[in-house]
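First the structure, in the form of structure tokens, and then the observations on it.
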Amino acid sequence: MGGKLSSNHNHHQHSNNTPLLQQTKHSNNNDNHQRIVLLGNTSSGKSTICEMIQYQKQHQADKSCNTYNLFYKVDSNTISKTIIEQILFASKDISIEAIIREYTNDCNNFDNSTLFALWNDQKFRNIYQSCQDSLNLFENVDIFVRKLKNHESFIPDIYIKGNSSGITEYDINFDDKKVTFVTAGGKTSERKKWNFCLQGNVSVLVYVVSLAEFNQSGYGDEKVNRMDESLKLYKELMTRVSNSGNNTRVVLLFTKPDIMMRKLRSYIEFGRLFETETLTDLSRIVNDYHERDVLNTIISSFLTETNNIYGKIPEYHIIQSISELDISQLAKLMLNNEKNRHYISNCLFEKISLVRCYQLVMAQQLTDLTIKCQL
Ligand SMILES: Nc1nc2c(ncn2[C@@H]2O[C@H](COP(=O)(O)OP(=O)(O)O)[C@@H](O)[C@H]2O)c(=O)[nH]1
Ligand SMILES: [Mg+2]
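Okay, here's the thing in structure tokens:
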């Protein structure tokens, strides 16, 4: 697993003696080679972002070619098998084996049809839900199953990805510009390689934070909260950037807003006090389940740290890394040097649903309703 695109990206060895965060020689819009470095905790979406950008570029370059096939490196049956095996391995619920045996006797041969059957079984879904966050299980099984059932063309391992290790470089051409996206694994054991990514020219340093990690524990360390860990790592990184004396462009990228919303709507507790002052850009975001309060609190904590250390507020964007629209907007913003715009994923501006309206009416909380028609 892990969805390695071996033909499209490279693993590199780096020497130890190049200075960190050298002032990039090409720092304006006319650069013909940029180096964009993405760092952040494990599972924050770094590889997904690079692969989605690479996929989109390839698709734009040759619309007639079946890009899905080029990127389709892992068969969906193999991914279904891995999903079931991981849930079986991770769960402490002894009934899981019996549930799986209701659908198959051959525990060496799970495939898509086994996953479809199990995913329809509420007992199996409950077990998955109960251990998902503590055991770092895949978060997009629902989307994966739905897309398979609808026979959609999609790259399965964009949604279900294993942890990456080492440094990976993706060379992508944007018109006359060559951009190298560099990422490194985010697990504790991988973080010492971050320095290598920062050697040499860095056009943009992107720090990626998953908004869904507020209730997750550190990878391999249950005592650590993953969001606190991300903030601590960010502080350390920013201190290094600041000490290097270079005016490196820093972008904070918040991912998984959809999963954050899903968690809050299932009444998973945020467990921290809300920041009272709301960032202007976030004021229009839905707040039925404190989505805006949570988002504002997380983002504000990162912005405050940057301001304390670096003396300025960095750019920030909120994207769903699996959304083609969000990815194309992000690529534009990073390459065009649009430093003052914050991109916020559309998924956070959901219109109020009929179900939610009904709930509000029943709770006598709906005091005013305006319906506008566009003819
Ligand atoms: N639903 C959803 N899933 C995401 C998002 N970003 C990343 N993922 C999923 O999170 C998992 C881990 O992402 P990955 O790119 O491997 O993280 P990395 O460890 O930072 O490289 C993958 O299965 C992605 O599909 C997002 O914004 N929304
Ligand atoms: Mg990765």
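Counting the sequence shown from 1 gives a position; my numbering is that position plus 267.
Glycine included, C-beta positions come from ideal geometry on N, C-alpha and C.
*In chain order, what residues of the same chain have a beta carbon less than 7 Å from the beta carbon of S343, not counting five sequence neighbours either side?*
N379, L415 and P423
*asked:* Runs of 4 residues minimum, wholly inside the segment 394-446: which ones carry the alpha helix (DSSP H) assignment?
replied: 408-416 and 423-426
*Count the other CB atoms within 10 Å of the CB of Q219; is the residue buried (16 or more) or exposed (fewer)?*
No answer is possible for residue 219: it lies beyond the span of the chain, which begins at 268 and ends at 642.
*Counting Cβ pairs closer than 8 Å, one from the segment 431-441 and one from the segment 485-492, do we hit at least three?*
no
*Tell whether a beta-carbon distance below 8 Å holds between L478 and T522.*
yes
*Simplified DSSP assignment, three categories, for F541*: coil
_C-alpha gap between E364 and V408, whole angstroms_ = 19 Å
*Backbone CA spacing between N575 and P581 [nearest angstrom]*: 11 Å
_If you follow the alpha helix (DSSP H) that Q327 is in, where does it begin and where does it stop?_
K313 to A328
*Distance between K499 and K224 (C-alpha atoms, nearest Å)*: The structure shown does not extend to residue 224, since the chain spans only 268 to 642, so no value can be given for it.
*What is the rounded straight-line gap between the Cα of S310 and the Cα of D560?*
23 Å
_Which of the three DSSP states is assigned to D342 in this structure?_
coil
_Pair within 8 Å by beta-carbon distance, S362 and C398_ = no
_CA nearest to the CA of T512, picked from N372, Y577 and T371_ = As written in the sequence, residue 512 is Gly, which differs from the Thr given in the question. Answer by Cα proximity: Y577.
_Buried versus exposed call for F448 [16 or more other C-beta atoms within 10 Å across all chains shown]_ = buried
_What I want to know is whether the C-beta of Q323 ends up closer than 7 Å to one or more non-hydrogen atoms of ligand 1._
no
_F377, DSSP secondary structure in three states_ = coil
*Between M601 and the rest of its own chain, which residues show a CB-CB distance below 8 Å, the 5 nearest in sequence each way excluded?*
I303, V471, V473 and V518
*Buried or exposed: which applies to K490, given that a residue is buried once 16 or more other Cβ atoms fall within 10 Å of its Cβ?*
exposed
*What separation, rounded to the nearest whole angstrom, lies between the Cα atoms of T345 and K324?*
27 Å
*asked:* Within 10 Å of its beta-carbon, does M494 have 16 or more other beta-carbons around it, so buried, or fewer, so exposed?
replied: buried
*Within 10 angstroms of its Cβ, does Q290 collect 16 or more other Cβ (buried), or is it exposed?*
Because the pLDDT at Q290 is just 49, under 50, the model does not fix this residue reliably, and the value given afterwards should be weighed accordingly. Counting Cβ neighbours within 10 Å, Q290 comes out exposed, since fewer than 16 surround it.
*For L615 versus E544, is the C-beta spacing smaller than 8 Å?*
no
*Give me the Cα-Cα distance between E703 and N372, rounded to the nearest whole angstrom.*
Residue coverage of the chain in this structure runs from 268 to 642, which leaves residue 703 outside it and unanswerable.
*Beta carbon of K428: closer than 7 Å to some heavy atom of ligand 1?*
yes
*Report the partner residues of V517 according to the DSSP bridge assignment.*
L472
*asked:* Taking the straight line between their C-alpha atoms, what separation do you get for F463 and G312?
replied: 20 Å
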